[in-house]
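A short write-up of the structure that comes next.
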């Protein structure tokens, strides 16, 4: 395979692909620019997702038809220093959460003495509600392989690994097919595109441990050890996988690389903000009308994403908050929805970019219970190596459970805040350090809800925490007896066609009565 072969495949396949897309009717085609029709896509700027749902992911020819592997061919004819400078100039920052400058990481690995070096693609996507990486791997796997190969050439690596969740069977199969075809066509393997550069990629399947999304824990897992973070004595670009210089980037970061090499660093830098160039893919989920994957320029506001692209809140209810950054992110109140989505802006208001989860909440969500939910996840997923995370987060969860069960006090809120700060400052890895973020952000922006849970009347303003609520039958009751017949503990009394009464002492708060009432006479108070 060489450039002439790529051009031949592109010429043969491109018209066939465009004809198929035109017949489909759901795409806008303007020269080489292909976008999906519909309001959901109009305000998006797709770079990472540009091929998703457009090409057949199993077809190498269709990937080449839209420019695939031409960037690799271009890169292999550049000096490695110039290639790294191009990535540095682009301003691309890692999309896995920390936002470390990609070019600087590559340069650090390049400057290590010649010898064995490794490239790792972190595809261990574990945030609740997040599926950005999965979609790219399923629908455009060659973009990741090409990005990894360019990186390997730049730093002088010979071997690469994609660490992907075993719970993503379609992504795993898509990658297997793509790697096989790339090897068969001299785009991976020995003497790639007729040069003296060789690079192999292998898959490694994760067993579902969230902590393996942390780079050093992931490396331990690849080495066949228990996935636990390492002490940060050395950067992974100095001593990483098996003690060798290693570059680890996530799926979205690698999927940007070919576009940067193709269009140039200045093109990428012109998108987004000064501090955060390019676009970001978000998994928009929760109480939003139109959920799905959204790719927008950095600097787009939360309000634009939720309302202009997402269509606002389901059922016409009021927006309450958005949580960015997965279980380690912060909850941002509606009054701050005009905040720009970039690394610096989110950090300034107590949240993080993370890998790109964006969970929308409405007026029916209790922020104390939301914190409990995310912390419960972090406790379950802690590797247990360091005391602050293993024990500190467990104590935090117990305090939150105390508050949501109606047994908390104002003193417990103070303990919650103090311990959250201790855990965030003293944990070994990013999981423990960021796990208290949901607590600290909700205490900052929704402290009144915490105080309501411990006040004299101990109420849950969102009517979410069952132990703080009672079911009550109003005068709307028509005496149909449905509530009594569906009560599992027989705590509802009343005659036919007369108002019924709930014995709150016996009520287990299952909600059956409210669900079956035809006139909505059962309410929570």
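Numbering (this note's numbering), first residue to last: 8 to 532. Glycine included, every Cβ here is placed at the ideal spot set by N, Cα and C.
Distance, residue j Cα to residue i Cα
i	j	result
residue 358	residue 339	7 Å
residue 135	residue 386	14 Å
residue 404	residue 324	29 Å
residue 470	residue 447	22 Å
residue 119	residue 245	7 Å
residue 315	residue 329	15 Å
residue 582	residue 335	The first residue shown for the chain is 8 and the last is 532, placing residue 582 beyond what the model contains.
residue 430	residue 420	15 Å
residue 190	residue 95	29 Å
residue 19	residue 9	16 Å
residue 131	residue 170	6 Å
residue 294	residue 345	18 Å
residue 27	residue 152	25 Å
residue 186	residue 139	20 Å
residue 115	residue 86	16 Å
residue 52	residue 512	56 Å
residue 318	residue 164	45 Å
residue 394	residue 505	59 Å
residue 307	residue 347	5 Å
residue 47	residue 297	8 Å
Segment limits, beta strand (DSSP E) that includes residue i
i	result
residue 304	299-304
residue 290	286-293
residue 348	Element bounds for residue 348: n/a, residue is neither H nor E.
residue 217	Segment: none, residue 217 is in no beta strand (DSSP E) and carries neither H nor E.
residue 42	40-43
residue 253	253-257
Whole-Å CB distance - residue i paired with residue j, under 8 Å assumed
i	j	result
residue 193	residue 182	Their Cβ separation, rounded to whole angstroms, is 19 Å, which puts residue 193 and residue 182 out of contact at 8 Å.
residue 251	residue 123	5 Å
residue 400	residue 362	The pair is not a contact, with the Cβ atoms about 20 Å apart (cut-off 8 Å).
residue 206	residue 156	5 Å
residue 305	residue 284	7 Å
residue 16	residue 68	5 Å
residue 229	residue 167	At roughly 11 Å, the Cβ-Cβ gap does not stay under 8 Å, so residue 229 and residue 167 are not in contact.
residue 435	residue 396	7 Å
Coil, strand or helix - residue i by DSSP
i	result
residue 398	helix
residue 164	coil
residue 480	strand
residue 155	helix
residue 211	strand
residue 531	strand
residue 369	strand
residue 503	coil
residue 125	strand
residue 323	helix
residue 172	strand
residue 273	helix
residue 130	strand
residue 317	coil
residue 61	coil
residue 495	coil
residue 223	helix
residue 141	helix
residue 55	coil
residue 202	coil
residue 344	coil
residue 310	helix
Whether residue i touches residue j by CB criterion (8 Å)
i	j	result
residue 490	residue 529	yes
residue 408	residue 379	yes
residue 515	residue 532	no
residue 312	residue 301	yes
residue 234	residue 218	yes
residue 178	residue 237	no
residue 268	residue 81	yes
residue 143	residue 254	no
residue 453	residue 368	no
residue 534	residue 161	Outside the displayed span of the chain (8 to 532) sits residue 534, for which this structure offers no information.
N-terminal and C-terminal residue of the alpha helix (DSSP H) that residue i is part of
i	result
residue 438	437-441
residue 326	Counting along the chain, residue 326 falls outside any alpha helix (DSSP H), though it belongs to the beta strand (DSSP E) covering 326-331.
residue 445	444-452
residue 95	87-97
residue 429	417-433
residue 490	489-492
residue 520	519-523
residue 26	10-31
residue 339	First-last for residue 339: 338-340, but that is the beta strand (DSSP E), not the alpha helix (DSSP H).
residue 71	67-72
residue 535	Limits of the chain in this structure are 8 at one end and 532 at the other, which puts residue 535 out of reach.
residue 77	77-82
residue 117	109-117
Interface flag, residue i vs chain B, CB-CB below 8 Å
i	result
residue 198	This model lacks chain B altogether; it includes just one protein chain.
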